[in-house]
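All remarks here apply to the structure that follows.
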Amino acid sequence: MINGKIWLSTPTMHGEEQKYIQEAFDTNWVAPLGKNVNEFENEMANYLGIKSAAAMTAGTHALHMAVKLAGVKTGDIVLCSDLTFAATVNPVVYEKGVPVFIDSEKESWNMNPEALELALKKYEGKVKAVIVANLYGSPAKLDEIKALCNKYSVVLIEDAAESLSATYKGRQTGTFGKYNAISFNGNKIITTSGGGMFLSDDEEAVARVRFFITQARDPAPHYQHSEIGYNYRMSNVVAGIGRGQLLHIEEHKRLKTEIYERYKAGFKDLPVKMNPYLSDSVPNFWLSCITINKEAMAKVTPEMIRVHLEKDNIESRPIWKPMHLQPVYKDNDYITAGENVGEDIFERGLCLPSDIKMTEDEQSFVIKKIKELF
């Protein structure tokens with residue numbers, strides 16, 4: 001028995017964050033803008049190997065700006081990952097675009113390039129952008145997806161909210177799209193309590209984003225606005241948390257990887273599989289997940305495991321419900337290459353505790369409780 005709750009994924013603070021926060025207080029730069037914001041943007045861009053970044057209040061807002069800069073207007077088609085959180089998709093609707101959902105492939109659970117090409121052909125001439133999410137920290141087949149976007153002259157937006165620090169063919173995720181977004185939500189691999197960042201090699205685009213997210217104020221001595229703006233700018237205090245967290249990103253990634261490997265070893269005799277990843281990628285293992293083998297589903301289901309763990313104060317969570325199954329998007333098109341891969345993962349999958357403060361004893365207890373059901 002373990003005392004206290006075993007969480008899915010919570011913030012881990014180290015102390016350096018406080019130094020940057022104190023600096024913001026000491027200089028009275030506690031509002032949006034300030035040294036921490038500027039330095040956090042620069043430090044993150046340097047870490048990822050991209051030219052420019054704009055810090056803001058949520059990863060969703062970064063995606064919104066990406067959709068806006070992609071030129072999405074009323075009725076424009078945007079092809080989106082189907083197996084993802086709603087935040088990947090909702091910004092399309094903010095700009096009155098129409099999301100069309102693309103099924104997953106089995107190798108990484110991410111957008112299937114075959115299904116994507118079917119959609120690009122079906123909607124040729126009407127597609128404004130593609131939004132690909134890297135699920136649970138595992139990169140998608142980004143080269144294939146990017147090549148298709150180039151072939152059909154479509155803007156690629158990479159939603160790297162879950163995959164910060166993961167690499168694909170040696171390159172950091174969050175750098176493959178024309179526009180990219182990352183998240184610092186409280187459960188992510190590093191956090192600012194909330195927040196996100198827009199990233200691009202197009203420095204003019206980033207400057208445009210900074211204009212929009214500070215209420216689109218024109219360069220005039222009085223308050224003048226020629227376009228609709230947004231109050232999305234990250235505060236200097238919050239950016240201080242991010243600067244302290246960034247110092248520990250590789251440590252967090254290592255700990256997440258160790259959690260994944262311990263689960264993999266612990267479940268080697270069970271009829272389950274860990275969330276997969278491509279051989280030419282290095283995930284950040286943000287969340288460790290399992291799928292139950294089909295033949296074992298008659299005896300044990302993900303919901304049975306979730307409820308069983310909950311009785312011992314252990315938090316787990318269902319896999320993201322595919323967007324085409326969401327009531328709000330029931331009328332949107334969904335493109336698959338044959339099998340409904342995302343639906344199958346949702347039905348057979350579960351996200352397991354992946355908190356880097358979880359001890360080995362606590363993780364062993366989680367494994368033991370799951371084994372009890374089998």
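Just so we're aligned, residue 1 is where the sequence shown starts under our numbering, counting upward by one.
Just so it is clear, CB atoms sit at the ideal spot from N, CA and C, and this is done for glycine as well.
Check: Rounded to whole angstroms, how far is the Cβ of L148 from the Cβ of L116, which I believe are closer than 8 Å?; Outcome: 6 Å
Check: Check each candidate in V282, K141, V130 and name the one with the smallest Cα separation from L63.; Outcome: V130
Check: Between F198 and M65, how many whole angstroms is the CB-CB distance? I'm expecting something under 8 Å.; Outcome: 5 Å
Check: Here's the rule: buried if 16 or more other CB atoms are within 10 angstroms of the residue's CB, otherwise exposed. What is Q224?; Outcome: exposed
Check: Does the contact criterion of 3 or more C-beta pairs under 8 Å hold for the region 230-245 versus the region 41-61?; Outcome: yes
Check: With which residues is I290 paired in a DSSP beta bridge?; Outcome: M274, L350
Check: Rounded to whole angstroms, what's the CA-CA distance from F101 to N3? Just pull it up for me.; Outcome: 43 Å
Check: Determine which residues share a DSSP beta bridge with S235 and list them.; Outcome: P32
Check: Looking at the structure shown, is M56 part of a helix, part of a strand, or coil, going by DSSP?; Outcome: strand
Check: Apart from the five residues just before and just after L246, which ones in its own chain have a Cβ nearer than 7 Å to its Cβ?; Outcome: E43, M44, Y47, I190
Check: Is the beta carbon of M274 closer than 9 Å to that of C289?; Outcome: yes
Check: Provide the residue span of the beta strand (DSSP E) that contains E158, from first to last.; Outcome: 155-159
Check: Cβ of M323 within 9 Å of Cβ of N313?; Outcome: no
Check: What separation, rounded to the nearest whole angstrom, lies between the Cα atoms of K68 and E95?; Outcome: 7 Å
Check: Using alpha carbons as the reference points, say which of G338, A216, E203, C351 lies closest to P276.; Outcome: C351
Check: Is L384 helix, strand or coil when you go by DSSP?; Outcome: Given a span of 1 to 374 for the chain in the structure shown, any question on residue 384 remains unanswerable.
Check: Taking A24 and G240 to be in contact with their CB atoms under 8 Å, please state how far apart those CB atoms are, rounded to whole angstroms.; Outcome: 5 Å
Check: Please report the Cβ distance between S138 and S354, rounded to the nearest whole angstrom; I am assuming they are in contact, meaning their Cβ atoms lie under 8 Å.; Outcome: Rounded, the Cβ-Cβ distance is 13 Å, inconsistent with contact.
Check: List the DSSP bridge partners of I102.; Outcome: S81, I335
Check: On the three-state DSSP scale, how would you describe V430?; Outcome: Residue 430 is absent from the model: the chain starts at 1 and stops at 374.
Check: Quick one: Cα of K268 to Cα of A166, how far?; Outcome: 25 Å
Check: Grab me the residues of Q172's own chain with a C-beta within less than 7 Å of its C-beta, minus the 5 sequence neighbours each way, in chain order.; Outcome: L48, G49
Check: Is N185 near E158, with beta carbons less than 9 Å apart?; Outcome: no
Check: Starting from the C-beta of T291, find all residues in its chain whose C-beta is less than 7 Å away, skip the five residues before and the five after it, and write them out in chain order.; Outcome: V272, K273, I345, R348, G349
Check: One question on the structure: do Y136 and L309 come within less than 9 Å of each other, judged by their Cβ atoms?; Outcome: no
Check: Given G194, which residues of its chain have a CB within under 8 Å of its CB, disregarding the five upstream and five downstream residues?; Outcome: T57, A58, F184, N185, G186, V238
Check: Going by Cα to Cα distance, which pick from F374, V155, Y263, K311 is closest to A298?; Outcome: F374
Check: At a cut-off of 8 Å, would you count W286 as near the ligand GTP, judging by its Cβ distance to the nearest heavy atom?; Outcome: Looking at this structure, you won't find the ligand GTP or any other ligand, since it has none at all.
Check: Measure the alpha-carbon distance for L325 versus E372 and round it to whole angstroms.; Outcome: 32 Å
Check: Return helix, strand or coil for K311, following the three-state DSSP convention.; Outcome: coil
Check: What residues in its chain sit with their C-beta under 6 Å from that of Y168, if we drop five residues either side in the sequence?; Outcome: P139, L142, S281
Check: Who are the near neighbours of E144 in its chain, counting only those whose CB is closer than 8 Å to its CB and skipping five residues on each side?; Outcome: P113
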